[in-house]
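Chains as they are written, first to last, in my numbering: chain A, 1347 to 1892; chain B, 1347 to 1892.
Structure first, then comments.
Number of protein chains: 2
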Amino acid sequence: MTESTTDPTAESATESEADHPSHIRPPGRRRLVSVSVAFAGIPVAVAAAVLTTLGADGREGGGGHQGLGVVAQFLLAAALVLLAAWAGGRLAVRLGQPPVMGEIVAGIALGPSLLGVLSPETMRWLFPDQVRPMLSALAQLGLVLFMFEVGRELAAVRLRGAAHSFVLVAVASMSVPFATGMAAAPLLAGSGAGPAGTPAAFALFLGVALSVTAFPVLARILTDLGLTRTLPGRMSLFAAAGGDGVAWLMLAVALATAGGRSPAALALTALGAVAYGALLLGAGRRVLLALPALRGPGPGSGPAATILLVAGTAVSAAITEALGLHALIGAFLFGLVWPPGRPAADAADRTNAVTRPVLLPFYFLLFGLTFDLGAAGFGWATAGLTGLLLVMAISTKFLGAALCARLTGVPGRDSVALGILVNTRGLTEIVVLMTGREAGIVNDRLFTVLVIVTLITTLMTAPLLRAAGLRPSAPAPGTDDEPGTGRGGSAAGELAGGRAGPALERVGERRGAGEPDLAGHLERRDALEQQFLGERAPGLRDDGAE
Amino acid sequence: MTESTTDPTAESATESEADHPSHIRPPGRRRLVSVSVAFAGIPVAVAAAVLTTLGADGREGGGGHQGLGVVAQFLLAAALVLLAAWAGGRLAVRLGQPPVMGEIVAGIALGPSLLGVLSPETMRWLFPDQVRPMLSALAQLGLVLFMFEVGRELAAVRLRGAAHSFVLVAVASMSVPFATGMAAAPLLAGSGAGPAGTPAAFALFLGVALSVTAFPVLARILTDLGLTRTLPGRMSLFAAAGGDGVAWLMLAVALATAGGRSPAALALTALGAVAYGALLLGAGRRVLLALPALRGPGPGSGPAATILLVAGTAVSAAITEALGLHALIGAFLFGLVWPPGRPAADAADRTNAVTRPVLLPFYFLLFGLTFDLGAAGFGWATAGLTGLLLVMAISTKFLGAALCARLTGVPGRDSVALGILVNTRGLTEIVVLMTGREAGIVNDRLFTVLVIVTLITTLMTAPLLRAAGLRPSAPAPGTDDEPGTGRGGSAAGELAGGRAGPALERVGERRGAGEPDLAGHLERRDALEQQFLGERAPGLRDDGAE
């Protein structure tokens, strides 16, 4: 970021000196004084005279504030949400956890689970009813832009040509917990289904809830522990990426079959979803590729590409929401078809680097205001249910991934690490749970229990790996991470990937710290693919605009 | 953006090949099949069996949508606002106007002035009551972040050491229209003051309304016509920068004296404002400079600096709003004290490049929904008032600037150009007018008339300059602007300054297109100062962190 700045001042200084004085015939001193009096003195005197005549006393008027206005309340709440999320993230890093977990916990702390218990009045004063829709607007925009980014990251992962063992482990780490969740659904439906939780929708939802692995959070953990380039690291990332795609598809099906709709409406949703998906993945992709703003060859078309990204994500999200799915499905699909080439990827990197830290914390607040630890009810029944789901979630993920890996020839130690890693549910699971709750598929009690399961399984990943003594087996050379401060990330990664794709950050970092990497997404994709595939796909650099 | 990307793939490919196959003992074909059946076949069969048993029929539920939900409505409206603003901006550029004028007109077109006349139902369907607070949240955030940027840009302008003629012209171009507005206020107060428009507040407001020159819009026009480096170009930019600072101060006073408050409350506001301003400009600046996230020496602390920027702007805005001024004053002040050094300026450039095009259009919508052309009432009285204010606005600005310039030795032709240029009121004036209307200082009728005056005086600047045959007298070498497409901007400028500071863009551009310029704000400041001062201030590069 520093090396290429030639000094631009020398040239312009000369120019300015050359043309500045030559144009003006400098006025005499007397002229200056008289002009000053005429153009400054007289007008100021007039203004002063008017003010004196009118007097500055307050005439009775109808305006006037009372307490804090809505705008001030909104701005105050917004600042608080951002600072709390940031502080939570920093604290999490200190505790050896991925920052997003701290941000989620900060959201919970501002809601009825902590602040609402300590001081309900403070909570209501900070987030009054008029301000909530305003905060929700930022949350919705933050969520769809985050889902766009998830889709975009997943689109960068090529599944073709991967080793058999990679594919099998990915399938197993998803299918075993998914099937278990579905099989257990009839037993839990009575006490856990929400008002719209038809048996099929509830079963699918529970399957998804147990089988999700959070790609971004996992990547962050791998990076912090220096495990990104190890075999279990690469396998778990591959499994998370593949699994996420399937999970969103299954969630879409669950939402479509959620209750309260006639069979005709259900058919319409299914038809509409398939038609829209096909349209977007077929024609939509080609249209985007043809747009001048996303094609180059200029060095980024700036605002146009950013506007297209946000507006396109919003439209796509609105369409799937209108179809009866959820806004996030449309945003995810739009991310999938976003062109990987130069100007488009740059615009997405830049936009994400700002919207991720500025908007997503509002989603955590929305989540925190929704989540009430007390809703689960304290007692043996809740404890038992939590324990049961915890065991189910952990054991099926672990068995599916670790056993399958061991059977396909992965060393025992690496298989264990893999089994621990795929239990990272993190942010993805939170989004899945919130979506299921909003759609009425799951009730507040089971929602609360599942959130607890999510937090525990995610929080235990890093300590478990450390306890198991799984040190980096092939640390990246020149890595100067400071997990204690979280400030070791390269400008490249921080700029381009924000915190949503930290594995990518550190891949970028190997290219030399301090080097701006706005254009690096394509390169990072290549690097990511090597991590997954072990070799470089030919001609990959040509699939974008360049 | 391209030159420094060494190929990172060669190395990692070798590494991956080296450690990938060696770790895994490849399983036999039979083992593969049986593992596949166990981990993929069986779970899928279980899931299918559960689904079949449960059936996919819709149990009666309580959820269910009806029409478009609030989220879909919000996302749809958001996309429409962004695309309309973008299209308006493109159209304006085609017509030889600054893009922001097109964005403002797009906002008006979506409101009661056009869409509301053509099809009130469509307008109400697009922007229903539940969605308006959500859109307003984006608008408020967009406005305060824009005002932050205005403050930051103005802080870069050093007034010390400027030539006498520059200072005198700046004062004259502000003071003459200001005094005229104040003098005319008693005549217009009867028909134009709002419910909170005390005589003093109304007079100050009218003075500000007549005397504003829009720094960003002016800069854009100068750039498009290639006049940035000419004498009238530099003089008008200097006058706009100085005038803007005074205008926000005067507006703050007007807001403080607006009606509906007891003298005690008024005194409290005044005291609070002075105390807060002093605190921010004194201790606040030093605190910000000391924060690790804004200090470097790392290449940008990424999310932390961005969060600090947004949260700090929001807090500062909330404080001034709570004090009885307006949120934008606090945001402006926070922009004034934002450190000019490396990581802080980078973060601000990056944040602005995304928030400017993504959030500010919602302010234009808010404005458009507020502004009703019909509110002025069609008729001779309105036409007469509009004509009177137009003549007043144009003649006082023109006379103040042009005559003063001529008398201080500026050539006649340049003086005329200067007089035309300072009539650019643009976005700054729109913000001033909206603020006065919200505070109840001005009523709907006069507000509408003043908006019309603003639009006319801004729109006529570029054509007038062209008609007067004022060609660039000292075009910047190597400038390849394409005013017809608006895509001639450098990545540097587009990235760093967005559209808010286009003059800065092109200054950056001279350093070579395609070069990333995230760090260039300091250099651009220097360059900007040369434009104003004619020579380089010594030691300027040292005032930040580096």
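Just so you know, even glycine gets a beta-carbon here, dropped at the ideal spot from N, CA and C.
A quick note: this is a predicted structure, and the numbers were derived from the prediction, not measured.
Local Cβ density within 10 Å of residue i, reported as buried at 16 or more and exposed below that
i, result
"B/Thr1742", "buried"
"B/Asp1695", "buried"
"B/Val1620", "exposed"
"A/Gln1476", "exposed"
"B/Phe1724", "exposed"
"B/Val1490", "buried"
"B/Arg1440", "exposed"
"B/Glu1815", "A quick correction: the sequence has Gly, not Glu, at residue 1815 of chain B. Per the 10 Å Cβ criterion, exposed."
"A/Thr1468", "exposed"
"A/Val1515", "buried"
Alpha-carbon spacing of residue i relative to residue j, whole angstroms
i, j, result
"A/Met1480", "A/Pro1707", "14 Å"
"A/Leu1472", "A/Ala1418", "11 Å"
"A/Leu1711", "B/Val1656", "17 Å"
"A/Gly1730", "A/Ile1776", "21 Å"
"A/Gly1538", "B/Val1416", "26 Å"
"A/Ala1455", "B/Ile1675", "32 Å"
"B/Thr1728", "B/Val1799", "12 Å"
"A/Ala1438", "A/Pro1444", "6 Å"
"A/Gly1670", "B/Ala1391", "28 Å"
"B/Gly1658", "A/Gly1772", "29 Å"
"B/Asp1760", "B/Gly1746", "14 Å"
"B/Leu1764", "B/Ala1555", "19 Å"
"B/Ala1431", "A/Ala1664", "19 Å"
DSSP-derived helix/strand/coil call for residue i
i, result
"B/Val1383", "helix"
"A/Val1477", "coil"
"A/Val1768", "coil"
"B/Val1788", "strand"
"A/Ala1509", "coil"
"B/Ala1539", "strand"
"A/Trp1471", "helix"
"A/Trp1684", "coil"
"B/Phe1708", "helix"
"A/Thr1574", "coil"
"B/Arg1641", "coil"
"A/Ser1582", "helix"
Any C-beta of chain B under 8 Å from that of residue i
i, result
"A/Ser1459", "no"
"A/Glu1667", "yes"
"A/Thr1754", "yes"
"A/Phe1584", "no"
"A/Leu1617", "no"
"A/Ala1587", "no"
"A/Val1661", "yes"
"A/Pro1703", "yes"
Chain A contact for residue i (CB, 8 Å cutoff)
i, result
"B/Leu1635", "no"
"B/Ser1761", "no"
"B/Gly1630", "no"
"B/Glu1406", "Below a pLDDT of 50, predicted positions are generally treated as unreliable, and B/Glu1406, at 39, falls in that range; the measurement from the model is reported next regardless. Yes, contact with chain A."
"B/Val1381", "yes"
"B/Ala1600", "no"
"B/Ala1452", "no"
"B/Glu1828", "With a pLDDT of only 31 at B/Glu1828, under 50, the local geometry of the prediction cannot be trusted, and the value read off the model is given with reservation. No, B/Glu1828 does not count as interfacial toward chain A."
Within chain B, the residues that residue i reaches when beta carbons sit closer than 9 Å
i, result
"A/Trp1303", "Nothing can be reported for residue 1303 of chain A, as the shown portion of chain A is limited to 1347 through 1892."
"A/Gly1553", "Ala1393, Val1396"
Within chain A, partners of residue i - CB distance below 8 Å
i, result
"B/Leu1429", "Ile1653, Ala1657"
Listed by chain order, chain B residues near residue i by CB distance under 7 Å
i, result
"A/Ala1385", "Looking at the sequence provided, one finds Phe at residue 1385 of chain A rather than Ala. The answer, in chain order, is Leu1514, Val1517, Ala1518, Ser1521, Val1522, Gly1746, Cys1750."
"A/Phe1420", "Ala1483, Gln1486"
Residue i: contacting residues in chain A (beta-carbon distance under 7 Å)
i, result
"B/Gly1415", "Glu1667"
Chain-ordered neighbours of residue i on chain B, where CB pairs are closer than 8 Å
i, result
"A/Phe1713", "Result: empty, since nearest Cβ-Cβ is about 15 Å, beyond 8 Å."
"A/Arg1696", "Arg1696, Ala1699, Val1700, Leu1841"
"A/Ala1808", "Those do not exist, as A/Ala1808 stays about 20 Å from chain B at its closest Cβ, beyond 8 Å."
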